[in-house]
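Below: one structure, written as structure tokens.
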Amino acid sequence: MRQLILLLIIFLCATTGVVLLLYVIALIRKARPSERTHMDPLPIALRVVWPAINILQFHVSEIMPTSMLVKRKRQLQLAGLEFVLRAEEFIAVQIVSMLIVGGLGLWTAGMLNAVAGTKVWIMLLGCVLGWFYPVMWMRDRRKRRDKDILRTLPGYLDMITLCCQAGLSLTGAIAQAVQKGPKGALGEEFDRMMREMRTGASRMDALNALADRLDNRHIKSLVSNLTQAESLGASLADTLSAISDQRRTERFQHAEKLAMEAPVKMIGPLVIFIFPVTFIIIFFPLVMEFLASTRTN
């Protein structure tokens with residue numbers, strides 16, 4: 036009787052495994068590779084796991100709600116990754132990251148000979164970290180991109196102002212700034228704006244699209260001032276010069292603010308790391324001398 040039950044269990048497990056294997060094969064065959072003709076090259080880390088991401092992204096687009104895909108697409112746009120990953124591909128990256136980190140957590144728990152309950156909790160913690168890590172990386176990239184834009188904006192404004200004062204139109208001035216200016220996120224966005232204008236978009240529409248893509252208050256203020264100056268017939272060179280001076284002043288004020296905040300931020304590391312070591316160096320000889328004197332007495 037026991038042998039019959041054991042054979043039945045083995046048969047059920049084998050049947051379940053075969054069904055799951057056939058289901059996975061069907062999903063793989065059904066998936067279609069994403070078209071990346073006009074996309075930017077993938078990072079090296081994603082190229083390694085891209086076959087799995089390619090399979091998942093096809094099914095993610097069918098399962099995930101449209102609102103989540105739209106939200107991810109907007110986040111990728113703000114981070115400058117819209118030509119690297121699509122929304123469904125990014126969610127597939129999250130799933131792959133969740134599986135990898137969760138598997139590593141389970142393997143680590145097994146190497147440490149943890150109990151079954153601890154293994155499950157470590158695996159779940161790894162899955163949560165793996166799911167949210169791509170989102171945190173994307174947010175960090177957006178912050179670094181915004182800092183780069185703020186750093187290069189005054190220089191671009193100066194170049195555009197000089198070109199306008201030399202007699203070029205705003206479009207020609209931006210083209211010269213893109214060609215001669217520093218490389219970075221702002222230069223790439225200005226270059227994209229010029230391509231949109233060459234394909235038929237008006238200058239104001241291209242500027243508004245630039246402000247929407249970056250979602251930066253300084254860029255929005257620049258576009259708003261340029262739109263107002265052009266509608267009122269004011270001098271663009273004078274407007275750009277005033278904006279450039281204002282941005283440079285704000286940049287220096289921001290630097291002064293960071294310099295004033297530095298001493299306050301240093302208190303934590305001083306109290307945690309520097310002061311204890313200093314006290315150990317100062318008081319250790321005194322304590323040892325005191326202990327030696329008490330022993331002799």
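Note that the working numbering has the sequence shown beginning at 36, numbered continuously upward. All residues carry an ideal CB built from backbone N, CA and C; glycine is no exception. Just so we're clear, the structure is a prediction, and the values are computed from it rather than from any experiment.
Quiz item: How about leucine 192 and serine 279: do their beta carbons lie closer than 8 angstroms?
Solution: Going by C-beta atoms, leucine 192 is nearer than 8 angstroms to serine 279.
Quiz item: Is the distance from the Cβ of asparagine 251 to the Cβ of aspartate 181 below 8 angstroms?
Solution: At a Cβ-Cβ threshold of 8 angstroms, asparagine 251 and aspartate 181 count as neighbours.
Quiz prompt | Close-in-space but distant-in-sequence residues of the same chain around methionine 158 (CB under 6 angstroms, 5 per side omitted) | solution = Gly137, Gly140, Leu141
Practice problem: Only counting runs of 4 or more residues, tell me where the alpha helix (DSSP H) segments fall wholly within the segment 210-297, in order along the chain. | Solution: Whole alpha helix (DSSP H) segments, 4+ residues: 220-233, 238-249, 252-267.
Quiz prompt | DSSP-derived helix/strand/coil call for valine 119 | solution = Coil, per DSSP.
Exercise. Report the residue ranges of all alpha helix (DSSP H) runs contained in full by the segment 146-221; include only those spanning at least 4 residues, in chain order.
Key: 151-200, 205-215
Exercise. Excluding the 5 residues preceding and the 5 following arginine 177 in the sequence, name in chain order all residues of the same chain whose CB lies nearer than 7 angstroms to its CB.
Key: Leu113, Ala114
Exercise. Go to alanine 327, then tell me how far its alpha helix (DSSP H) extends in each direction, as first and last residue.
Key: 310-331
Quiz prompt | Cβ shell of glycine 165 (< 8 angstroms), same chain only, five flanking positions each side left out | solution = Gln129, Ser132, Met133, Leu134, Ile135, Val136, Gly137
Quiz item: Looking at methionine 74 and phenylalanine 125, is the spacing between their C-beta atoms short of 8 angstroms?
Solution: no
Quiz item: How many angstroms separate the CA atom of valine 105 from the CA atom of alanine 149?
Solution: 41 angstroms
Quiz item: Taking all protein chains shown into account, do 16 or more other C-beta atoms lie within 10 angstroms of the C-beta of valine 95, making it buried, or fewer, making it exposed?
Solution: buried
Exercise. Under 8 angstroms by Cβ, that's how I've got isoleucine 195 and leucine 275 pegged, so tell me the actual separation to the nearest angstrom.
Key: At roughly 6 angstroms, the Cβ-Cβ gap stays under 8 angstroms, so isoleucine 195 and leucine 275 are in contact.
Self-check item: leucine 326: CB within 7 angstroms of a non-hydrogen atom of the ligand ADP
Solution: Because no ligand of any kind appears in the structure shown, any question about the ligand ADP cannot be addressed here.
Exercise. Go ahead and pull the three-state DSSP assignment for alanine 114.
Key: coil
Quiz item: Mind checking whether valine 258 and leucine 267 have CB atoms under 8 angstroms apart?
Solution: no
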